[in-house]
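Notes follow once the structure below has been shown.
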Amino acid sequence: MPFGQIVVGPPGSGKTTYCNGLRQFLNELGRKTIVVNLDPANDNARDCAINIEDLITLDDAMEAFGLGPNGGMVYCIEYLAKNIEWLDKQLKEFDDCYFIFDCPGQVELYTHNDAIKGMIRHLEKQDFRLACVHLVDAAYCTEAAKFISVLMLSLTTMTMLELPHVNVLSKIDLLEQLGELDFNLEYYTSVMDLDYLLYHLNERETSGRFKSLNKAVCELIEDFNLVGFNTLCISDKHSVAALLKEIDKANGYIFGALTEGNENIMMAADSTDLLTEARDAQMRYGILASTSGARKIPVELEPKVGSLSIVEHQ
401 MPFGQIVVGP PGSGKTTYCN GLRQFLNELG RKTIVVNLDP ANDNARDCAI NIEDLITLDD
461 AMEAFGLGPN GGMVYCIEYL AKNIEWLDKQ LKEFDDCYFI FDCPGQVELY THNDAIKGMI
521 RHLEKQDFRL ACVHLVDAAY CTEAAKFISV LMLSLTTMTM LELPHVNVLS KIDLLEQLGE
581 LDFNLEYYTS VMDLDYLLYH LNERETSGRF KSLNKAVCEL IEDFNLVGFN TLCISDKHSV
641 AALLKEIDKA NGYIFGALTE GNENIMMAAD STDLLTEARD AQMRYGILAS TSGARKIPVE
701 LEPKVGSLSI VEHQ
């Protein structure tokens, strides 16, 4: 019963760095791991065991059909989906491994196209136990509009791929270089009451239509109540280990046989909750939350007595 991760996320979110770093981390733990590169535009796929470019390349698709980079990417993925037996044959050569699938950064493939979803369903029929790891750059937390767009992208990907899903704010160690956040990091990882974020989003907005649209989007995200984030610094073993616990619970690896390289099932009970992890990350990487953030919120949006403060634990 092979286990693995489907690693997705927009360009620049650190997918390939994560895949290579996690592969090294798991191999050191004794869990034999390989990277499967499914991104024909990935120029850093040197350490992968299986590479889509052995089947088709982006340049060949663009040249043969006169396509641009986006169209060529879609063609390559759809071509792989139609020739899925090639991937099956490659995977069977590593049937005793843990698989990390490094997917393209073109978000349309997860929001408007069924090719990757079809491949996932095919792998599940081959008895693969998979979880989706969705990476987004933590820098999106610095602006309300960007963060809400990331929430919508994460929610759409979750509902489209229909997999156990672990959302991740990557490059969390670089966040302190970008200035203060409006709220503490735990607000962003737990996706708390979006009315606070909506207020900041509408501060510079003069059009009532856009304010109504912003409110509708926030209400949609809250109604689904699915999106939350883990944090990741790929160079920090503590951060990688904490994230790995969540992924192992999502794809069921932690409940598998206690073979060499498989952590004890009690690790699940011993794992730290997400709020504590967010607070630890904020302290460890020197992330600052603006103490003026609460003062910008009108009285009707101030937290009630007993609710979680958005400026505490600094």
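Counting from 1 along the sequence shown, just add 400 to a position and that's the residue number in my numbering. Positions of the beta carbon are idealized from the N, C-alpha and C atoms, including for glycine.
Assumed close pair residue i, residue j - CB separation to whole angstroms, cut-off 8 Å
{"i": "N427", "j": "D447", "result": "Their Cβ separation, rounded to whole angstroms, is 11 Å, which puts N427 and D447 out of contact at 8 Å."}
{"i": "D502", "j": "N442", "result": "7 Å"}
{"i": "L575", "j": "T589", "result": "Contact flag wrong, Cβ pair sits at about 12 Å."}
{"i": "N437", "j": "I450", "result": "7 Å"}
{"i": "D636", "j": "D573", "result": "7 Å"}
{"i": "A531", "j": "A650", "result": "4 Å"}
{"i": "V591", "j": "L551", "result": "7 Å"}
{"i": "F465", "j": "Y475", "result": "7 Å"}
Nearest candidate by alpha-carbon position, reference residue i, set the options
{"i": "A461", "options": "P440, N444, N451 and A538", "result": "P440"}
{"i": "V536", "options": "V407, I621, R431 and I687", "result": "V407"}
{"i": "L675", "options": "A642, S549 and R609", "result": "A642"}
{"i": "L601", "options": "H534, K546, V507 and L644", "result": "K546"}
{"i": "N470", "options": "W486, F425 and E508", "result": "E508"}
{"i": "T417", "options": "K571, C618 and S639", "result": "K571"}
{"i": "D514", "options": "T557, D527, K615 and A681", "result": "T557"}
{"i": "L422", "options": "E622, K517, V640 and K492", "result": "V640"}
{"i": "G628", "options": "D593, Y596 and V566", "result": "V566"}
{"i": "Y596", "options": "C618, S612 and L613", "result": "C618"}
{"i": "M401", "options": "K525, E562 and Q682", "result": "K525"}
{"i": "Q424", "options": "D593, Y498 and M560", "result": "Y498"}
{"i": "A539", "options": "K432, V435 and S549", "result": "S549"}
{"i": "L563", "options": "R521, L551 and E677", "result": "R521"}
{"i": "K742", "options": "I500, E580, M473 and G608", "result": "Nothing can be reported for residue 742, as the shown portion of the chain is limited to 401 through 714."}
{"i": "D488", "options": "Q577, Q506 and I452", "result": "I452"}
{"i": "F528", "options": "Y653, N483, I687 and F465", "result": "Y653"}
{"i": "G404", "options": "K615, D648 and R609", "result": "D648"}
{"i": "I477", "options": "A464, I516 and T511", "result": "I516"}
{"i": "G414", "options": "P504, E463 and E485", "result": "P504"}
{"i": "M560", "options": "Y510, L523 and S607", "result": "Y510"}
{"i": "K611", "options": "L620, I484, Y599 and E622", "result": "Y599"}
{"i": "C633", "options": "G686, A616 and W486", "result": "G686"}
{"i": "L581", "options": "I621, R609, A616 and T542", "result": "T542"}
{"i": "D623", "options": "D593, I484 and E485", "result": "D593"}
{"i": "L626", "options": "H638, L555 and K615", "result": "L555"}
{"i": "R454", "options": "A616, Q490, I621 and R604", "result": "Reading off the sequence shown, one finds Asp at residue 454, where the question assumed Arg. For D454, the nearest C-alpha among the options comes from Q490."}
{"i": "L429", "options": "R684, D459, H512 and L644", "result": "L644"}
{"i": "W486", "options": "L523, Q506 and L458", "result": "L523"}
{"i": "H638", "options": "R684, E463, D459 and L467", "result": "R684"}
Which of helix, strand or coil DSSP assigns to residue i
{"i": "I572", "result": "helix"}
{"i": "F547", "result": "helix"}
{"i": "R602", "result": "Reading off the sequence shown, one finds Asn at residue 602, where the question assumed Arg. Looking at N602 - three-state DSSP - the assignment turns out to be helix."}
{"i": "R431", "result": "coil"}
{"i": "F403", "result": "strand"}
{"i": "L632", "result": "coil"}
{"i": "V591", "result": "coil"}
{"i": "D648", "result": "helix"}
{"i": "N584", "result": "coil"}
{"i": "L530", "result": "strand"}
{"i": "L535", "result": "strand"}
{"i": "N420", "result": "helix"}
{"i": "N614", "result": "helix"}
{"i": "V640", "result": "helix"}
Status (buried if at least 16 other CB within 10 Å, exposed otherwise) for residue i
{"i": "E646", "result": "buried"}
{"i": "M519", "result": "buried"}
{"i": "E586", "result": "buried"}
{"i": "L658", "result": "Because L658 carries a pLDDT of 44, less than 50, the predicted location of this residue cannot be relied on, and the following value inherits that uncertainty. Under this definition L658 is an exposed residue."}
{"i": "F583", "result": "buried"}
{"i": "H534", "result": "buried"}
{"i": "T631", "result": "buried"}
{"i": "S707", "result": "Residue confidence for S707 is low, a pLDDT of 44 falling below 50, so the modelled location carries little weight; the figure read from the coordinates is stated next. Result: exposed."}
{"i": "P411", "result": "exposed"}
{"i": "A544", "result": "buried"}
{"i": "A445", "result": "buried"}
{"i": "K492", "result": "exposed"}
{"i": "K704", "result": "Low confidence applies to K704: its pLDDT is 46, below 50, so where it sits in the model is not reliable enough to give any reading."}
{"i": "A669", "result": "Reliability fails at A669, whose pLDDT of 48 lies under 50, so the model's placement of it is uncertain and the value that follows must be treated cautiously. When all chains shown are included, A669 counts as exposed."}
{"i": "V472", "result": "In the sequence on display, residue 472 carries Gly and not Val. Label assigned to G472: buried."}
{"i": "K482", "result": "exposed"}
{"i": "G409", "result": "buried"}
{"i": "R695", "result": "A caution first: R695 carries a pLDDT of 42, below 50, which makes its placement in the model too unreliable to give a value."}
{"i": "L613", "result": "exposed"}
{"i": "A678", "result": "buried"}
{"i": "Q682", "result": "buried"}
Query - In chain order, each beta strand (DSSP E) run of at least 3 residues that lies wholly inside the region 438 to 519 - result: Correct list: 498 to 502.
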